[in-house]
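*Asks:* Under my numbering, the first residue of the sequence shown is numbered 4, with each subsequent residue one higher.
Glycine is no exception: its CB is placed at the ideal position from the N, C-alpha and C atoms.
On a predicted model such as this, the values are computed, not experimentally measured, just so you know.
What follows is a single structure, and I will ask about it in a moment.
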Amino acid sequence: MSRLAVEMQHAAEGVRPADADLARWAEAAWRGTGDAEVVIRLVEADESQALNRDYRGKDRPTNVLSFPFEAPPGVPAEDLGGYLGDLVICTPVVRAEALEQGKSEESHWAHMVVHGMLHLQGFDHIDTAEAEEMETIEKEILFRLGYSDPYA
Numbered sequence: 004m005s006r007l008a009v010e011m012q013h014a015a016e017g018v019r020p021a022d023a024d025l026a027r028w029a030e031a032a033w034r035g036t037g038d039a040e041v042v043i044r045l046v047e048a049d050e051s052q053a054l055n056r057d058y059r060g061k062d063r064p065t066n067v068l069s070f071p072f073e074a075p076p077g078v079p080a081e082d083l084g085g086y087l088g089d090l091v092i093c094t095p096v097v098r099a100e101a102l103e104q105g106k107s108e109e110s111h112w113a114h115m116v117v118h119g120m121l122h123l124q125g126f127d128h129i130d131t132a133e134a135e136e137m138e139t140i141e142k143e144i145l146f147r148l149g150y151s152d153p154y155a
């Protein structure tokens, strides 16, 4: 049985989901067969904006950023313990989006964790076919967790 270790980093103030919920959502989205590790960092808008600007060229905060781990040249990834990478989730953006979209904060948080975890595993939504595949997987995972379609 595979196991996902989740390390939490809290750099944001205010109400947020329990660490156990964040880990449960990440584990539900883990599609691998071996053990793995991920870091989930909760941040304020300024940190999200700086990262989004520096790594994506978009000078605004965003809901979730995924930073997949890349093994150094010459080091096999399997020798590094299955480290997937980091998710950086912006607490105020997730809160505002949930309100704007008429969703519960909990369901939107679950969606952001699942969405980010899929990115760490190579899924993307650059073109229509990729987006449809990723959205289908997200909906299936969220349904299993007891949440409704985040795109409805």
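Say whether the region 25–45 touches the region 101–118, bearing in mind that this needs 3 or more beta-carbon pairs closer than 8 Å, one atom from each stretch.
*Replies:* Yes: at least three Cβ pairs fall under 8 Å.
*Asks:* Go ahead and pull the three-state DSSP assignment for V42.
*Replies:* In the structure shown, V42 sits in a strand (DSSP, three-state: E or B).
*Asks:* Which same chain residues end up closer than 6 Å to V96 when comparing Cβ atoms and leaving out the 5 residues on each side of it in sequence?
*Replies:* The answer, listed in chain order, is P64, N66.
*Asks:* Spatial neighbours of M11 within its chain, please: CB distance less than 7 Å, with the 5 preceding and 5 following residues excluded, ordered by chain position.
*Replies:* So the qualifying residues of the chain are D22, L25, I43.
*Asks:* Counting only the same chain and skipping the five closest in sequence on each side, list residues whose C-beta sits under 7 Å from that of G85.
*Replies:* Only G37, D38, A39, E40 meet the Cβ criterion.
*Asks:* Quick test of the definition: if touching needs 3 or more C-beta pairs under 8 Å, does the region 128–139 touch the region 104–112?
*Replies:* Counting Cβ pairs under 8 Å, fewer than three are found: no touch.
*Asks:* Where does A8 fall in DSSP's three states?
*Replies:* Residue state, collapsed to three classes: strand.
*Asks:* Could you name the residues that DSSP lists as bridge partners for Y3?
*Replies:* With the chain running from 4 to 155 in the structure shown, residue 3 is simply not present.
*Asks:* By DSSP, does L148 sit in helix, in strand, or in coil?
*Replies:* DSSP places L148 in coil when its eight states are reduced to three.
*Asks:* If we ignore side chains and look at the alpha-carbon of each, how far apart do Y150 and G60 end up?
*Replies:* Distance between the alpha carbons of Y150 and G60 is about 32 Å.
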